[in-house]
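Residue numbers (this note's numbering), protein chains in the order written: chain A, 1 to 110; chain B, 111 to 186.
Each residue gets a CB set at the ideal place from its N, CA and C atoms; glycine is no exception.
Remember, it's a predicted structure, so these values are computed and weren't measured experimentally.
Following: one structure in structure tokens, then a few remarks.
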Amino acid sequence: MDQPTKDLINNEITNNEVCLFMKGTPDAPQCGFSMAISNMFKILEVNYKGINVLETQLLREGIKEFSDWPTIPQVYIKGEFVGGCDIVKEMYENGELKKILENKGINFKK
Amino acid sequence: MAMDLKEIEALIKEALPDSIIVLQDLAGDNNHYSATITSSKFSGKSKIEQHKMVYNALKGKMGNELHALAIKTKEQ
């Protein structure tokens, strides 16, 4: 991964409390898994930043290396990697996602 | 590119010999699967670590030959 890509990712996860690295945008997701996570945040009314990894190949590959995680979407909360689609979905279903948001002081619909 | 069920199962079994694997071909296209994997090796590990163990078992195929594998891990 080149330095500008690393800086870009670091910048996003530092300046946005909740980041979703996804295929497409929150308004126009281009993959079902990205859409699923995007919808969960919408339901919880979480203010999140969607980052479209399809914009550049460097970002698409870079985020996998950065997180040491082979798939997209990826969720970061307060700079910490929380998981991909399966883990975040499971956490949404068992209430753990709300707990993390609460613990990290992020507003959501209770 | 696609992978068949047996190939996925064999790779996971190789890395996690005690695992119980329930695989489903979700769309019948050899490309969209779900796997529920139960293993004693997951105990004491975070979900992220558990899923990484499965990804490692698949030796880089995840996100490449294997487009979509929904993973659920359970401790035995």
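Item	Value
Nearest-angstrom Cα separation, counted from L20 of chain A out to G79 of chain A	11 Å
Cβ contact (3+ pairs, closer than 8 Å) linking the region 47 to 54 of chain A and the region 4 to 24 of chain A	yes
Close-in-space but distant-in-sequence residues of the same chain around E185 of chain B (CB under 6 Å, 5 per side omitted)	F152 and S153
Beta-carbon gap between G62 of chain A and M1 of chain A smaller than 8 Å	yes
CA-to-CA distance, N107 of chain A to E117 of chain B, given in whole angstroms	44 Å
Option nearest A125 of chain B by Cα separation, candidates B:A178, B:L179 and B:T148	B:T148
Residue(s) in a DSSP beta bridge with I181 of chain B	B:A145
Exposed unless 16 or more other CB atoms sit within 10 angstroms - verdict on Q3 of chain A	exposed
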